[in-house]
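Chains as they are written, first to last, in my numbering: chain A, 1 to 346; chain Y, 1001 to 1622. Step one of this worksheet: look at the structure below.
What follows is the structure in structure tokens.
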């Protein structure tokens, strides 16, 4: 007993205690978790060059703001439209619409790797083959082909109108086109436009369900009073399976499909949900925007199935992200950058 | 009896115009009851007027440039060749009335007057009057009023002048003017033209860049004629034409054209004054963007008639009554090509009570009408007490602004059910001035507080943005000015320093998540300051101007801002005489300290710029 309190014993005691404290202090800081991050894309205000991307950790509910600018000591640019993550290379492609460029980053720490320019008004980026990607465009009248190895535009595929989201199904690339009544099919081996499917005016979002049906949300056209339509297409024979027209005055947007491929969600003055086997459009939203709120984006966490809703408020102040459980119980509200429009889960 | 009234009337004129920094050549005509409304009914308010040397310095530039150094008004300027709009005391661009010969130049479609289209050199006087004066000037005069025009002087004169100016970044300009006068006639014609490649230099992320794709050219012309038909009656006509074409960033282009015409008949009697005026305004704005294939044309026309009469009831009371009838029409691609028109009218009256040489008060009232909508009844009351050195003034008013055509009819989003914006404002001020062997010192301080409700904002809705009477704003602040003048033998020194503190905040939430409550409005700096110092004698002057603009928030919840900045400007002018010719040569440096700054987020502003010019005058000898 006495030996514990002699000078040598003191040292052993100290070392033991030091070890205990040492082990305790080694929690991994949230920024370094490799999985389970939510990237919130903030468009910013048009021409103000204040687009940003925030990273949210849903487990600790902590937000890291403006992770691109913090890491690279410069602004992201003007109007961030979308983010595409190439899992193989762990690279992220930020499509900055009004800066006419794409920022390529290392997804681990957001370090800028390259900037791709040569676009008119780029919207979405999609990897379509080994080291090849397509980029859709608002005003350019074509889909750009990007060489992902040297990060440059290698060519373009003429496609008149406002091209939006794209998806690869069965080795073919489907492209939505807001200005047209068709979605288009491109062969990524030849980079040639091969076919089209008539769906309705204003197609913007694309998604695949668990039965391998391609869902297309058409937003309609306000200026001709043509409401939107929700259409399911067979991607193999390019036929329309089902078509759900919206009632007059409805111009829906931002359709997403859940991880299991069983539910569709979209925005139409509120958040709507429909089963992919549903017989008709839902009559009422699952979430309605309160006065003074403007729902601008939705996302579903593939792991936890939590629902994220982006509220742009007035497009000038900080936006808000509302998080809900799958059963729509509210979890929390986080203030983010200006005009959040989408989520990417990584 | 006539002489006594004359004396009182002269005193009344002076009482409305006591602020230092005045014109160096205020002409006191024989009978002052005919003083313009902005002076006559400004009891309790403060009016400032940049002097003629300043007007000449800024002749080729827009009104905004002149006001950046000569007033506490914040000018929201998008850059050279582009729109510049005013913000008086934390209010919006639509809350400043710009009166040209008494007619409000606020465009019926967007409700503002683009200051960059108003060349300072086309006007003889520019008077700046902060404060709510809807009772006198009608819809839109909520934050302040700017009064522009040409003086009519019936004297023998023939004056011809021409000049040219060249500046940095590819700017060239020319100016010509002719004035002819006699005992019964006064006429002038003016021409200003500017052409600029606008390839200015600016800093972006510490890298020097050159602005490209922003070339512009601008022309302004005016013709003014005045006739003294009888010793008591005069008629004057004014025509002003402006034209600007600007290239805009992103391969866009905008062309602005405007015609303003005014015809005024005035009769001054022994105990009364009457005026009848008629105005016609036409504006055309074409905006094109090759990138997005947008081409949008908007045209508007306004036809206004106004009549007023002032009667001297006794040596203490003056009464005024008047009416206004206007027709306005606008067509725009923004209204899907439709044309909208409306008739507006107003009846107004005022009473001035001149107790003695120390005390005076004025009460005004106005009732405006728009199509099937009645404006609120608008009263205003002001009082001034003048002492030998110290004066005190106070003014309370109700103010309003009718919604614009764009707010009502823009497709999509316009709201025909909009109510007028309205509010109350109050201000008090002290002015102290003293002249001695040390020179002339004067100082002025004003405290103001304003409340506006039903402020129209465009807010995001289901499928598009729409306009709504949604905001309540409180605006309060303090404005202080000091002026010093000294005559030093051959030389004169004049210096002034002004500072403003403005807190203009939202008083309500637009929604549950709105973080804007009690936050400063965007683009309203809390602190601003201007200083000018000039040393001059006959034929030579050096003027240095300095301004400070505080931080401006760019997000409605104040989560982002543009930093504060200082700007300096120096102007040197030398005059040579050669028989009947006067030859002015001048040089200036703008942004002398090479400040890198932005007034509007994302819009670069030029670094240091130089300009050189000359002007030749020929006056027919007496």
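Beta carbons: idealized from backbone N, C-alpha and C, even for Gly. Just so we're clear, the structure is a prediction, and the values are computed from it rather than from any experiment.
Can you tell me which residues form a DSSP beta bridge with residue i?
{"i": "residue 71 of chain A", "result": "Note: residue 71 of chain A sits in no beta bridge, so no partner."}
{"i": "residue 122 of chain A", "result": "A/137"}
{"i": "residue 229 of chain A", "result": "A/218 and A/245"}
{"i": "residue 57 of chain A", "result": "A/62"}
Once you ignore the five residues that flank residue i on each side, which residues in its own chain have a CB closer than 8 Å to its CB?
{"i": "residue 73 of chain A", "result": "none"}
{"i": "residue 1525 of chain Y", "result": "1074, 1502, 1549, 1550, 1551, 1552 and 1564"}
{"i": "residue 1076 of chain Y", "result": "1084, 1085, 1086, 1087, 1093, 1523, 1599 and 1600"}
{"i": "residue 182 of chain A", "result": "196, 197, 198, 199 and 203"}
{"i": "residue 244 of chain A", "result": "229, 230, 231, 280 and 281"}
With a threshold of 6 Å on Cβ separation, who are the neighbours of residue i within its own chain once the five nearest residues in sequence on each side are excluded?
{"i": "residue 1585 of chain Y", "result": "1574 and 1614"}
{"i": "residue 1133 of chain Y", "result": "1141 and 1145"}
{"i": "residue 1352 of chain Y", "result": "1318 and 1362"}
{"i": "residue 1258 of chain Y", "result": "1242 and 1283"}
{"i": "residue 301 of chain A", "result": "345"}
{"i": "residue 1500 of chain Y", "result": "1072, 1479 and 1528"}
{"i": "residue 1325 of chain Y", "result": "1305 and 1345"}
{"i": "residue 965 of chain Y", "result": "Since the displayed chain Y opens at 1001 and closes at 1622, residue 965 of chain Y lies outside it and no answer follows."}
{"i": "residue 1111 of chain Y", "result": "1094 and 1404"}
{"i": "residue 1481 of chain Y", "result": "1444 and 1498"}
Can you grab the Cα-Cα spacing for the pair residue i / residue j, in whole Å?
{"i": "residue 291 of chain A", "j": "residue 316 of chain A", "result": "16 Å"}
{"i": "residue 293 of chain A", "j": "residue 309 of chain A", "result": "11 Å"}
{"i": "residue 1334 of chain Y", "j": "residue 82 of chain A", "result": "30 Å"}
{"i": "residue 1597 of chain Y", "j": "residue 1561 of chain Y", "result": "12 Å"}
{"i": "residue 1618 of chain Y", "j": "residue 1188 of chain Y", "result": "14 Å"}
{"i": "residue 1571 of chain Y", "j": "residue 1488 of chain Y", "result": "21 Å"}
{"i": "residue 355 of chain A", "j": "residue 264 of chain A", "result": "This structure leaves residue 355 of chain A out entirely; chain A is present only between 1 and 346."}
{"i": "residue 1592 of chain Y", "j": "residue 1322 of chain Y", "result": "49 Å"}
{"i": "residue 1198 of chain Y", "j": "residue 1216 of chain Y", "result": "7 Å"}
{"i": "residue 194 of chain A", "j": "residue 1213 of chain Y", "result": "39 Å"}
{"i": "residue 105 of chain A", "j": "residue 111 of chain A", "result": "5 Å"}
{"i": "residue 53 of chain A", "j": "residue 45 of chain A", "result": "14 Å"}
{"i": "residue 331 of chain A", "j": "residue 51 of chain A", "result": "26 Å"}
{"i": "residue 1309 of chain Y", "j": "residue 1275 of chain Y", "result": "6 Å"}
{"i": "residue 1004 of chain Y", "j": "residue 1270 of chain Y", "result": "For residue 1004 of chain Y, the predicted structure reports a pLDDT of 42, less than 50, and the residue's modelled location is therefore unreliable. A value from the coordinates is still provided. About 12 Å."}
{"i": "residue 64 of chain A", "j": "residue 1558 of chain Y", "result": "19 Å"}
{"i": "residue 1115 of chain Y", "j": "residue 1219 of chain Y", "result": "14 Å"}
{"i": "residue 283 of chain A", "j": "residue 1458 of chain Y", "result": "29 Å"}
For residue i, go through chain A and note every residue whose CB falls closer than 7 Å to its CB, in chain order.
{"i": "residue 1463 of chain Y", "result": "222 and 251"}
{"i": "residue 1162 of chain Y", "result": "Within 7 Å Cβ-Cβ: nothing; residue 1162 of chain Y doesn't reach chain A, min ~40 Å."}
{"i": "residue 1231 of chain Y", "result": "Under the 7 Å cutoff, chain A gives no residues; its nearest Cβ is about 59 Å from residue 1231 of chain Y."}
CB-CB under 7 Å to residue i, same chain, minus the five flanking residues each way: which ones, in chain order?
{"i": "residue 1418 of chain Y", "result": "1403, 1407, 1408, 1456, 1467 and 1469"}
{"i": "residue 130 of chain A", "result": "none"}
{"i": "residue 241 of chain A", "result": "213, 232, 233 and 234"}
{"i": "residue 1290 of chain Y", "result": "1251"}
{"i": "residue 1211 of chain Y", "result": "1198, 1199, 1200, 1202 and 1604"}
{"i": "residue 340 of chain A", "result": "40, 41, 42, 296, 297, 310, 312, 319 and 321"}
Verify the contact flag: residue i, CB atom, against every heavy atom of the ligand ZN, threshold strictly below 7 Å.
{"i": "residue 1477 of chain Y", "result": "Of ligands this structure carries none, so the ligand ZN is not represented either."}
Residues of chain Y with CB closer than 8 Å to the CB of residue i, please, in chain order.
{"i": "residue 318 of chain A", "result": "1515, 1555, 1557 and 1559"}
Using a cut-off of 7 Å between C-beta atoms, extract the partners of residue i located in chain Y.
{"i": "residue 294 of chain A", "result": "1460"}
{"i": "residue 332 of chain A", "result": "Neighbours of residue 332 of chain A on chain Y: none; closest Cβ ~13 Å, over 7 Å."}
{"i": "residue 269 of chain A", "result": "1462"}
{"i": "residue 311 of chain A", "result": "1513"}
Please list the partners that residue i has in chain A, where partner means a Cβ-to-Cβ separation under 8 Å.
{"i": "residue 1291 of chain Y", "result": "120, 121 and 139"}
What residues of chain Y sit near residue i, judged by a beta carbon separation below 9 Å?
{"i": "residue 50 of chain A", "result": "1554, 1555, 1560, 1601 and 1602"}
{"i": "residue 81 of chain A", "result": "Within chain Y, no residue comes near residue 81 of chain A; the closest Cβ sits about 15 Å away, beyond 9 Å."}
Whose Cβ in chain A lies nearer than 9 Å to the Cβ of residue i?
{"i": "residue 1412 of chain Y", "result": "222 and 223"}
Cβ contact (3+ pairs, closer than 8 Å) linking the stretch 1522-1539 of chain Y and the stretch 1096-1111 of chain Y | no
Quick one: any contact between the stretch 146-165 of chain A and the stretch 110-124 of chain A, if contact means 3 or more CB pairs under 8 Å?
-> yes
contact_flag[the stretch 1361-1378 of chain Y, the stretch 1335-1346 of chain Y] where n(CB pairs < 8 Å) is 3 or more | yes
Okay, do the stretch 166-176 of chain A and the stretch 132-141 of chain A touch, 3+ Cβ pairs below 8 Å being the bar?
-> yes
Determine, using beta-carbon pairs with one atom in the stretch 1421-1428 of chain Y and one in the stretch 1443-1451 of chain Y, whether at least three such pairs fall under 8 Å.
-> yes
Three-pair Cβ contact test at 8 Å for the stretch 1392-1400 of chain Y versus the stretch 1122-1137 of chain Y = yes
Cβ pair count under 8 Å reaching 3, the stretch 1145-1156 of chain Y against the stretch 1224-1235 of chain Y = yes
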